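Counting with my numbering, you get residues 858 to 1179 for the letters of the sequence shown. The C-beta atom is built at its ideal place from N, Cα and C for all residues, glycine as well. All values derive from a computational prediction rather than experimental measurement. Notes to accompany the following structure.
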Amino acid sequence: MNLGYDKLLYLLPFDHRGSYVTGMFHFEPPLTRAEHDTVARSKRLIYDGFRQALAGKVPAAAAGILVDEEFGADILRDATANGYVTAMSVEKSGSDEFEFEYGDDFAAHLEDFKPTFAKVLVRYNPEGDAALNQRQTARLKRLSDHCRAAGQRFMFELLVPATTAQMERLGADKNAYDGQLRPALMRQTLRALQDAGVEPDVWKIEGLDRREDCEQLVGIARRDGRSAIGCIVLGRGADEAKVIHWLKTAAAVPGFIGFAVGRTTFWDAVAGFESKATTREVAVSHIAKRYGEWVDIYENTRQSVASPSQVATKQIVNRDRS
């Protein structure tokens, strides 16, 4: 299998576990069977929203889900059976240091479910704890090597949390960190991981406010022959305006192939249903609508910056169809 994935990819991620269980349901581990089933049913609601969107105008070839095995095993199997793009999280939930959810058995779990992507969430700051970064890199290299050997695509979700020293330099201004420091730290992280032999097919990254930062990140992701590597932008639970800005910024840059927007898509709908403020049918429709809106925004932006030759080709195709 060649390295990379450059097809369009519009993910609905709902692999949230620890924060979702406590934040949405106020359950504390260990969960009872009834509590586990409640969480699993809520994820089925989200999945039904995804499927409703596909029954509408969302292009099925580009649509996909990201869900965990713990609460979404049946969903993963159903999505695979239906030919949807699937991503399955392999990291342990709620840990600041990357570790495998199922320890040395991670490969067996991937083989069992056969997702399109093995997905990992990692917090990595190149100016942070060097020993922590080394430990994480060693585990990530192991996962990367397994994916290459097994013909398994690999998705890397990168978060670059600020260090205490970085925030002190910026007067605790989170917006300043996101705009002034984080883009360069992300590029530095990609380089370090690539040099260590960690080779994802897709980088799932935090939103960037400036087009030039997106372009520079793609340049690193695709350096030295990695020409098919894709980047997708995540929502980070941000408000609608910020998500739209990130989607439009990324969609205008070749090398960005899509998005993964989760909580901004489903949180209010699930919360409304769980509090009995709305029906399940309404909640499902809300999720389908929100997901479809992100697809429209990304598609419209991407097409608006297409090259003149691409636009001309599209016009000819449309004319031939009329």
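Per DSSP, reduced to three states, the secondary structure at F1123 is helical.
A straight line joining the alpha-carbon of Q1160 with that of I1154 spans about 10 angstroms.
Less than 8 angstroms divides the Cβ of R874 from the Cβ of F928. Between the C-alpha atoms of D986 and T1135 there is a straight-line separation of about 46 angstroms.
The alpha-carbon separation between P972 and A917 amounts to approximately 16 angstroms. Spanning the alpha carbons of H1143 and G906 requires a straight line of approximately 7 angstroms.
In chain order, I922, T943 place their CB closer than 6 angstroms to the CB of A936, counting only its own chain and leaving out the 5 sequence neighbours on each side. The alpha-carbon of L967 is positioned some 20 angstroms away from that of A897. Under the rule that a run must span 4 or more residues, the alpha helix (DSSP H) segments found entirely inside the segment 962–1015 read 963–970, 987–1007. Judged by DSSP in its simplified three-state form, E956 adopts coil rather than helix or strand. Cβ atoms of R980 and D953 come within 8 angstroms of each other, at about 6 angstroms. About 18 angstroms separates the beta carbon of G913 from that of G1115, a gap too long to meet the 8 angstroms contact definition. Beta-bridge partners of K1061 (DSSP): E1014, I1089. Taking C-beta separations shorter than 7 angstroms and ignoring five residues to either side along the sequence, the partners of R1093 in its chain run E1063, G1064, following chain order.
If you keep only unbroken alpha helix (DSSP H) runs of at least 4 residues inside the segment 875–951, you get 875–882, 890–912, 926–938. Around the beta-carbon of S1001, 16 or more other beta-carbon atoms lie within 10 Å, marking it buried. From the listed residues V1090, L1038, A1163, Q1037, the smallest Cα separation to L1015 is found for V1090. Among the bridge pairs identified by DSSP, A1140 is matched with none. Pairing L1027 with V1017, the inter-Cα distance amounts to about 16 angstroms. Per DSSP, L1027 lies in no beta strand (DSSP E) and is assigned neither H nor E. With 16 or more other CB atoms across the displayed protein chains lying within 10 angstroms of its CB, P1040 is buried. In this structure, DSSP gives A1109 a state outside helix and strand, which the three-state scheme calls coil. Here E958 is buried: its Cβ has 16 or more other Cβ atoms, across all protein chains shown, within 10 Å.
In the DSSP assignment, L869 falls within the unbroken beta strand (DSSP E) covering 866–870. Taking A1140 as the centre and dropping the five residues before and after it, the same chain places the C-beta of L902, A1126, V1127, G1129, F1130 closer than 7 angstroms to its C-beta, in chain order. DSSP places D1096 outside any alpha helix (DSSP H), giving it a letter other than H or E.
In the DSSP assignment, G1036 falls outside any alpha helix (DSSP H) and carries neither an H nor an E. Apart from sequence neighbours up to five positions away, the residues of its chain that approach K900 with a beta-carbon distance below 7 angstroms are F871, V924, F928, G929, I932, ordered along the chain. Less than 8 angstroms separates the beta-carbon of T1020 from that of N982.
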